[in-house]
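Engineer:
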Amino acid sequence: MTVFFVSFWERRIIIPFRRGTPGWLITTIKTKTYATDTYQRTIAKALKGKYALGAFNVNNMELIQAIVEACEEEKAPLILQISKGARQYANPVYLKKLIEAAVSLSNVPIAVHLDHGDTFDLCKQCIDEGFTSVMIDASHEPFEKNVEICKKVVDYAHKFNCSVEGELGHLVGAQFDEGEEGGAHSTSGHYTNPDEAVKFVKESGVDSLAVAIGNSHGAYKFKGEQHLDLERLKAIKKALMDAGLGDYPLVLHGASSVPQYLVAEINKYGGKMPDAQGVPEADIEVARRVGCTKVNIDTDLRLAMTAGIRKVFTETPKEFDPRKYLGPARACVKDLVRHKVKDVLCCAGHAFD
Ligand code: G3H
Ligand code: 13P
Ligand code: ZN
């Protein structure tokens, strides 16, 4: 049994009487844990080994099971990330308990991350609940305000060994490439600027940076040619290195590749997803080698789940036992995650480095 990673609530045991900390956080006895200092070491190992950690969005039991089982079988470290919407949908306590179950049944390192935290208060709640890292997304704010909000979260999070991800730039996707220079839809208006990235990291103190290089959320990422601005990614990485920030960890949001076999399955079984397009896996591979250590994947999980469910509904319309369609859907997600960690992120086999 692995004991060197600390699950996301273990930290509470050493600060048991903090005001507002629910009792269950301090009384839970854990044998396996995911420490945030180890989280940082895991990120450092990933940078060194040129592999990436998949940050998979979860909001229900089947997703958690599929992801963790695939990573367990492939010996891959992983990040489970929870959005504000996921917390609203499933209830934070349900998610915590489900993840607690996953941790107890597996040996691989599991980090728990807040995805797109939009306020200091939400980040604080998650830090207080023991998340190993949080994202504060103030990327819609002007630069100085973004720095100020991030810094406030960093100052709080670091007291509890929680890592913080910030974002600079806007995830508008490459369809906006052709706007006028400086205009609302121009590259310079939305993509992360390397020099600003340095200033942002230095001033805010964030531990990792989500970049905007033509990436965007969802299943419709590109019109026409699919591409990320990988030269810009290299320039950001170099600027951070040259500024003395070392091999600084970058984060790639919107990293779903929207596998066409899943889109075809969905469309075959009654769905309607014309022109769905994602990031080519070859681009993700380059991003990984350049130093995108955390790669965010949500849409692909949704597609796999939907394809699995639609197939059962179409082929066996009389079926009404949820296990009969959620089971196959879970298997589809598991296959997808296995492929990601083995063939794209290359973190398979690195759980116990
Ligand atoms: O980037 C957003 C993630 O895919 C989470 O989406 O807010 O619908 O849970 P959500
Ligand atoms: P996708 O929509 O490409 O899966 O991106 C997910 C994401 O960035 C979550 O933060
Ligand atoms: Zn995102």
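Take my numbering: the last position of the sequence shown gets the number 1542, and nothing is skipped along the way. Don't be surprised by glycine CBs; every beta carbon is placed ideally from N, CA and C.
Given this structure, state the Cα-to-Cα distance separating Cys1260 from Pro1298, to the nearest angstrom.
Structural biologist: Answer to the nearest angstrom: the Cα atoms are 9 Å apart.
Engineer: Name the residue from Ile1232, Gly1238, Ala1233 whose alpha carbon lies nearest to the alpha carbon of Cys1535.
Structural biologist: The shortest Cα separation from Cys1535 among Ile1232, Gly1238, Ala1233 belongs to Gly1238.
Engineer: Are Val1447 and Val1468 closer than 9 Å when you measure CB to CB?
Structural biologist: For Val1447 and Val1468, yes; Cβs fall inside 9 Å.
Engineer: Looking at the unbroken alpha helix (DSSP H) that takes in Glu1318, where does it start and where does it end?
Structural biologist: Here the alpha helix (DSSP H) through Glu1318 covers 1309–1318.
Engineer: Exposed or buried, what is Arg1421 when buried is set at 16 or more other beta-carbons lying within 10 Å of its beta-carbon?
Structural biologist: The residue is buried, with at least 16 neighbouring Cβ atoms inside 10 Å.
Engineer: According to the Cβ coordinates, are Glu1354 and Lys1483 closer than 9 Å?
Structural biologist: It is a contact, given that the beta carbons lie within the stated cut-off.
Engineer: Starting from the C-beta of Leu1419, find all residues in its chain whose C-beta is less than 8 Å away, skip the five residues before and the five after it, and write them out in chain order.
Structural biologist: Excluding positions up to five away in sequence, the list reads Ile1402, Asp1472, Val1475, Ala1476, Val1479.
Engineer: Using 8 Å as the Cβ pair cut-off and three pairs as the minimum, do the segment 1250–1260 and the segment 1288–1295 touch?
Structural biologist: Contact holds: three or more Cβ-Cβ distances are below 8 Å.
Engineer: Report the rounded CA-to-CA distance for Glu1470 versus Gly1243, giving the unit in angstroms.
Structural biologist: Taking the straight line from one Cα to the other gives about 13 Å.
Engineer: Please list the terminal residues of the continuous alpha helix (DSSP H) segment that includes Asp1489.
Structural biologist: Unbroken alpha helix (DSSP H) run through Asp1489: 1488–1504.
Engineer: If distances are taken between C-alpha atoms only, which option among Ala1241, Ile1268, Pro1281, Phe1332 comes closest to Leu1311?
Structural biologist: Of Ala1241, Ile1268, Pro1281, Phe1332, the residue nearest in Cα terms is Pro1281.
Engineer: Excluding sequence positions up to five away, which residues of its chain have a Cβ less than 6 Å from the Cβ of Ala1454?
Structural biologist: Before going further, note that residue 1454 is Glu rather than Ala in the sequence given. Same-chain partners within the cutoff: Ala1496.
Engineer: Note down, in chain order, each residue of its chain lying with its Cβ closer than 7 Å to the Cβ of Asn1456, except the 5 sequence neighbours on either side.
Structural biologist: Excluding positions up to five away in sequence, the list reads Met1462.
Engineer: If we ignore side chains and look at the alpha-carbon of each, how far apart do Ala1537 and Tyr1240 end up?
Structural biologist: Their Cα atoms are separated by approximately 9 Å.
Engineer: Does DSSP classify Ser1397 as helix, strand or coil?
Structural biologist: Three-state result, Ser1397: strand.
Engineer: Take Lys1500 as the anchor and find which of Lys1234, Asn1382, Ala1518, Glu1385 has the nearest alpha-carbon.
Structural biologist: The residue with the shortest Cα to Cα distance from Lys1500 is Ala1518.
Engineer: Can you check whether the CB of Thr1488 is closer than 9 Å to the CB of His1359?
Structural biologist: No; because the gap between Cβ atoms is not below 9 Å, this pair is not in contact.
Engineer: Within the segment 1385–1432, note down every full beta strand (DSSP E) run reaching 3 residues or more, in order along the chain.
Structural biologist: With a minimum length of 3 residues, the continuous beta strand (DSSP E) runs that stay inside the segment 1385–1432 are 1397–1400.
Engineer: Would you call Pro1511 buried or exposed, if buried means 16 or more other Cβ atoms sit within 10 Å of its Cβ?
Structural biologist: Pro1511 comes out exposed.
Engineer: So for Phe1332, helix, strand or coil by DSSP?
Structural biologist: Three-state DSSP puts Phe1332 in a helix.
Engineer: Please list the terminal residues of the continuous beta strand (DSSP E) segment that includes Met1250.
Structural biologist: Premise fails: Met1250 lies in the alpha helix (DSSP H), 1250–1263, not in any beta strand (DSSP E).
Engineer: Taking only three categories from DSSP, how would you classify Ser1293?
Structural biologist: If DSSP states are grouped into helix, strand and coil, Ser1293 belongs with the helices.
Engineer: With which residues is Ser1352 paired in a DSSP beta bridge?
Structural biologist: According to DSSP, which records beta bridges pairwise, Ser1352 is partnered with Ser1322.
Engineer: Got a sec? Which residues, its chain only, sit under 7 Å from Asp1464 by beta carbon, not counting five neighbours each side?
Structural biologist: Here the set comprises Tyr1409.
Engineer: Alpha carbons only, please: which of Lys1529, Tyr1450, Gly1516, Cys1339 is nearest the one belonging to Ile1555?
Structural biologist: In this structure the chain extends from 1190 to 1542, so residue 1555 is not present and cannot be described.
Engineer: DSSP state of Gly1274, grouped into three classes?
Structural biologist: Helix.
Engineer: Quick check on DSSP: helix, strand or coil for Gly1516?
Structural biologist: Reduced to three states, the DSSP call for Gly1516 is helix.
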